[in-house]
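Enquirer: Numbering (the UniProt record's numbering), first residue to last: 1 to 428. Before anything else, here's the structure in question.
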């Protein structure tokens with residue numbers, strides 16, 4: 001991964017802006033008065049720009065300090081200003097001498113590159129690109145030779161079935177690696193890991209301890225946060241997982257940032273793994289086996305974190321922070337009690353939940369534009385009940401008018417029938 005590579009010198013924003021001290025020609029000979037006046041103006045602009053550049057790279061100018069002084073001190077500083085103008089430190093004001101040190105960006109897939117395979121939003125995989133190898137999934141067979149030389153983010157189609165199957169080649173990041181890695185244990189997902197790193201105030205070039213390497217998802221997150229010159233000490237009690245984690249960190253170019261220790265910080269004994277080097281630290285003693293007050297932050301992902309807290313309190317620097325990741329409330333209660341007993345303060349317990357929204361376009365019917373007639377419902381406290389047959393007759397009478405000879409009932413007859421109907425209901 002890019003953040004694990006050493007930094008290289010490259011142009012920065014200030015370098016590309018070409019801010020530097022420009023030479024000015026003294027005693028220019030101009031035949032025309034206008035040209036001479038314009039040359040003087042150019043010299044004034046260049047001088048002002050040079051002064052700004054000197055202020056940026058060399059600190060405030062001497063002239064600004066003279067304005068706030070009086071008497072003999074002002075005379076002495078004026079003499080120093082004249083000497084400063086005669087021998088300006090132009091090299092310090094040249095941006096081109098200060099290139100930015102940043103990470104190299106690998107945009108082209110090469111052999112042995114780690115590539116995250118995007119099959120769908122819920123299905124990510126990974127491959128280490130090797131010549132003449134084939135990656136197979138439900139979408140088809142994809143040759144690694146088609147990956148080599150292509151930039152990250154490319155869309156690659158299978159050679160069979162007319163190229164109907166395809167996938168995307170993504171550049172690996174800790175978040176994508178978390179979604180595609182092989183699970184050896186339960187992992188800390190990106191939502192929790194982001195809050196943990198922010199709460200522990202982990203910054204570049206820090207020394208951090210992690211107990212419970214597991215699948216290495218959180219280790220990648222921490223390694224990116226402490227790059228380029230930080231150090232992550234991750235501890236794991238299972239020998240097989242230690243071996244797998246070391247192989248992954250070496251393939252991903254993180255072995256100079258991460259050191260994997262086969263050690264149980266809680267003090268439980270286990271036989272030494274035969275694949276571990278002889279100079280590996282002794283096990284069974286508990287603790288982190290690091291100098292005291294040498295770690296800026298500690299993260300615990302253990303079933304019994306309260307057993308490691310006494311050792312962790314000795315490893316932290318003044319103002320250091322510790323975090324514990326537990327799935328059960330009972331574990332959290334015992335961890336909080338242990339933290340309080342060993343001098344930790346400002347203890348907080350948080351739970352983070354992810355809520356996803358599915359956004360789609362839905363077409364709804366337009367609301368009616370005509371005003372709706374107030375309904376008259378029986379038993380609503382004053383409303384009149386009109387039988388459907390009489391309501392139809394009333395509507396026909398209103399539409400036909402008094403000049404329509406074909407109508408059998410007029411409006412007055414309809415009202416009388418309605419009143420009769422109401423009287424009958426009251427008697428009943």
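Where a beta carbon is used, it is the ideal one built from N, C-alpha and C, also for glycine.
What are the start and end residues of the alpha helix (DSSP H) that includes residue 321?
Expert: Run containing residue 321: none in the alpha helix (DSSP H); it sits in the beta strand (DSSP E), 316 to 324.
Enquirer: Can you tell which of 146, 212, 257 has its C-alpha closest to the C-alpha of residue 231?
Expert: The candidate whose alpha carbon is nearest that of residue 231 is 257.
Enquirer: Going by C-alpha distance, which of 43, 226, 214 is nearest residue 245?
Expert: The shortest C-alpha separation from residue 245 is found at 214.
Enquirer: Count the other C-beta atoms from every protein chain shown that fall within 10 angstroms of the C-beta of residue 3, then say buried if there are 16 or more, exposed otherwise.
Expert: Buried, because 16 or more other Cβ atoms sit within 10 Å of the Cβ of residue 3.
Enquirer: Specify, as a first and last residue, the run of the beta strand (DSSP E) that residue 147 falls within.
Expert: Premise fails: residue 147 is in no beta strand (DSSP E) and is neither H nor E.
Enquirer: Look up residue 171 in the DSSP assignment and say whether it is helix, strand or coil.
Expert: Residue 171 falls in the coil class under three-state DSSP.
Enquirer: Drop a sphere of 10 angstroms on the beta-carbon of residue 141, count the other beta-carbons inside from all chains shown, and report buried for 16 or more, exposed for fewer.
Expert: Exposed: under 16 other Cβ atoms inside 10 Å.
Enquirer: Using 8 Å for Cβ pairs, my map puts residue 216 next to residue 248. What's the rounded Cβ distance?
Expert: Confirmed, about 6 Å.
Enquirer: Which residues does DSSP list as the beta-bridge partners of residue 259?
Expert: BP columns for residue 259 point to 233.
Enquirer: Between which two residues does the alpha helix (DSSP H) containing residue 361 stretch?
Expert: Segment: none, residue 361 is in no alpha helix (DSSP H) and carries neither H nor E.
Enquirer: Out of 48, 348, 204, 147, point me to the one whose CA is closest to residue 195's CA.
Expert: Closest option to residue 195, Cα to Cα, is 348.
Enquirer: Using C-beta distances below 6 Å, list every residue in its chain close to residue 1, excluding the 5 sequence neighbours before and after it, in chain order.
Expert: Excluding residues within five positions, the ones whose Cβ falls inside 6 Å are 172, 252.
Enquirer: Would you say residue 353 lies against chain B (beta-carbon separation less than 9 Å)?
Expert: The structure shown contains no chain B; it holds only a single protein chain.
Enquirer: In its own chain, which residues sit with a C-beta less than 8 Å from the C-beta of residue 343, not counting the 5 before and 5 after it?
Expert: Contacts found: 313.
Enquirer: Return the first residue and the last residue of the beta strand (DSSP E) that residue 157 is part of.
Expert: Residues 155 to 157.
Enquirer: Measure the alpha-carbon distance for residue 42 versus residue 50 and round it to whole angstroms.
Expert: The alpha-carbon atoms of residue 42 and residue 50 are separated by roughly 12 Å.
Enquirer: Give every residue of the same chain whose Cβ lies closer than 8 Å to the Cβ of residue 337, excluding the five residues on either side of it in the sequence, and list them in chain order.
Expert: Once the five neighbours on either side are set aside, the close Cβ partners of residue 337 are 306.
Enquirer: Should the stretch 285 to 293 be regarded as contacting the stretch 259 to 267, the criterion being three or more beta carbon pairs within less than 8 Å?
Expert: Yes, since at least three Cβ pairs between the stretch 285 to 293 and the stretch 259 to 267 fall closer than 8 Å, the two stretches touch.
Enquirer: Is the distance from the Cβ of residue 199 to the Cβ of residue 178 below 9 Å?
Expert: No, these two residues do not count as a Cβ contact at 9 Å.
Enquirer: Identify, in the order they occur along the chain, each residue of the same chain with its Cβ nearer than 7 Å to the Cβ of residue 143, setting aside the five sequence neighbours on each side.
Expert: The residues are 134, 159.
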